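Asker: Chains as they are written, first to last, in our numbering: chain E, -10 to 182; chain P, -10 to 182. Just so it is clear, CB atoms sit at the ideal spot from N, CA and C, and this is done for glycine as well. It should be emphasised that the depicted structure is a prediction, and the values quoted were computed from it without experimental measurement.
1) In the stretch 143 to 163 of chain E, which residues sit with their C-beta less than 7 Å from some C-beta in chain P, listed in chain order?
2) Could you tell me whether the stretch 83 to 91 of chain P touches the stretch 102 to 114 of chain P, where touching means 3 or more Cβ pairs closer than 8 Å?
3) Tell me the rounded alpha-carbon separation between residue 138 (chain P) and residue 1 (chain E).
4) Chain E partners of residue 132 (chain P), CB-CB under 7 Å?
5) Name the chain E residues whose beta carbon is nearer than 7 Å to that of residue 136 (chain P)?
6) Please determine if the stretch 51 to 63 of chain E and the stretch 118 to 136 of chain E are in contact, where contact requires at least 3 C-beta pairs separated by less than 8 Å.
7) I'd like to check one pair, residue -8 (chain E) with residue 96 (chain E): are the Cβ atoms closer than 7 Å?
8) Can you tell me whether residue -3 (chain E) is helix, strand or coil according to DSSP?
9) Assess, as a yes-or-no matter, whether the stretch 123 to 142 of chain P is touched by the stretch 124 to 139 of chain E under the definition of 3 or more beta carbon pairs within less than 8 Å.
10) Can you tell me which residues form a DSSP beta bridge with residue 169 (chain P)?
11) Would you check if the distance between the CB atom of residue 17 (chain E) and the CB atom of residue 3 (chain E) is smaller than 7 Å?
12) For residue 84 (chain P), decide whether its Cβ has a neighbour in chain E, counting only Cβ atoms nearer than 7 Å.
13) Once DSSP output is grouped into helix, strand and coil, what is the label at residue 70 (chain P)?
14) Closest by CA to residue 59 (chain P), which one among P:71, P:30, P:48?
15) Along chain E, in chain order, which residues have C-beta atoms closer than 7 Å to that of residue 76 (chain P)?
16) Contact check, residue 64 (chain P) vs residue 43 (chain P) under 8 Å by CB: the rounded distance?
17) Can you list the residues of chain P that residue 98 (chain E) reaches, using a CB-CB cut of under 7 Å?
18) Please state whether DSSP places residue 12 (chain P) in a helix, a strand or coil.
19) From the DSSP output, in three-state form, read off residue 180 (chain P) for me.
20) Can you look up residue -9 (chain P) in the DSSP assignment and give me helix, strand or coil?
21) Whose C-beta lies closer than 7 Å to the C-beta of residue 144 (chain P) among residues of the same chain, with five residues either side of it excluded?
22) If you count every other CB in all the chains shown that lies within 10 Å of the CB of residue 10 (chain P), and 16 or more means buried, which is it?
23) Going by Cα to Cα distance, which pick from E:21, E:159, E:167 is closest to residue 112 (chain E)?
24) Just checking: is the beta-carbon of residue 30 (chain E) within a distance shorter than 7 Å of some beta-carbon in chain P?
25) Between the C-alpha atoms of residue 67 (chain E) and residue 80 (chain P), what's the straight-line distance to the nearest angstrom?
26) Listing by chain order, which chain P residues have their CB less than 7 Å from the CB of residue 80 (chain E)?
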């Protein structure tokens, strides 16, 4: 995973990994069989880490808005902790692979779809719990939340904006605010820009 | 620009360009002097195209929200038209260069900062015109608008989501809606999720 973040998923080959780990290339080849399998296993491993560090802790929070907030906070923490070098493997791989058809790209798309679906389901649960209005589009919510995190990646990593995290939190709060059911909880609407 | 989109800005060298154009490497070297200068000139050329295709047409619209909408629509059209191959050079370069200090990265950051500043100024003008509330944070607005476009890039290019453009338009509308001054124009608030 470290090497993939540094050289890009496409730069990750069995030969390069063998060099890095000072292991025999033939031994690694016997294990992984192909460059694509190696790349896919790196994606799967990163996804398993993501589930353990972001998804599982949030499942301990009450359903609905608290759980969505837990997912967002865990995700932000994940993005922050992947700082050096290369940043979040999924964001880098998304830009790297979007024009490269094949099994690695397909696996990446499936992982991203599962994550978007999990976020949409959490938003649906927030509707069911009465935290969000019934006319909220849960898939749009998931899409918009993803965009907030891409914005965070851009402003923190490229722009080195010290307010990046604050900006992301404000954008998330606005997203919640637009989705919230009317009532005492929606009083923050006027405050945020 | 085409070659840079295909091989990445970092993959763009004088030798590679000479090969692609069937020109002599020494002639190109005499012109560009270094790989970094070539890369910077590609960024500058892409920025000039962006100004001509996105910024200039929007300046013909009335100041405030109409001009912001013009900038968004032009930007969306730009992102869509960069479809093959490699997509928007700036988005790809942002992920590619975020860990590579040097003159090319510095120029990219400056171009992005100028664009974010132009968007924030357009939002400030929308406040001055009374289209937006006076407490809207113009820099946050610019940041959020950038995030909407990054979300569009992800959903259209990697996920091949047929609703990508619709999602981006809905996100932009929600952004406007949250920023709008109270009054008859804010009646759409209840409709969007």
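Answerer: On the basis of the coordinates in this document:
1) 143, 144, 146, 147, 148, 156, 159, 160, 163
2) no
3) 29 Å
4) 140, 144, 156
5) When 7 Å is used as the limit between beta carbons, residue 136 (chain P) is near these residues of chain E: 136, 137, 139, 140, 160, in chain order.
6) In short, these stretches touch, since the Cβ pair count reaches three.
7) No Cβ-Cβ contact shorter than 7 Å links residue 96 (chain E) with residue -8 (chain E).
8) coil
9) yes
10) P:121
11) yes
12) For residue 84 (chain P), the answer is yes, since a Cβ of chain E falls inside 7 Å of its Cβ.
13) helix
14) P:48
15) 87
16) The pair is a contact, with the Cβ atoms about 5 Å apart (cut-off 8 Å).
17) Chain P residues near residue 98 (chain E): 147, 148.
18) coil
19) Below a pLDDT of 50, predicted positions are generally treated as unreliable, and residue 180 (chain P), at 39, falls in that range; the measurement from the model is reported next regardless. Coil, per DSSP.
20) helix
21) 150, 153, 156
22) exposed
23) The candidate whose alpha carbon is nearest that of residue 112 (chain E) is E:167.
24) no
25) 21 Å
26) 84
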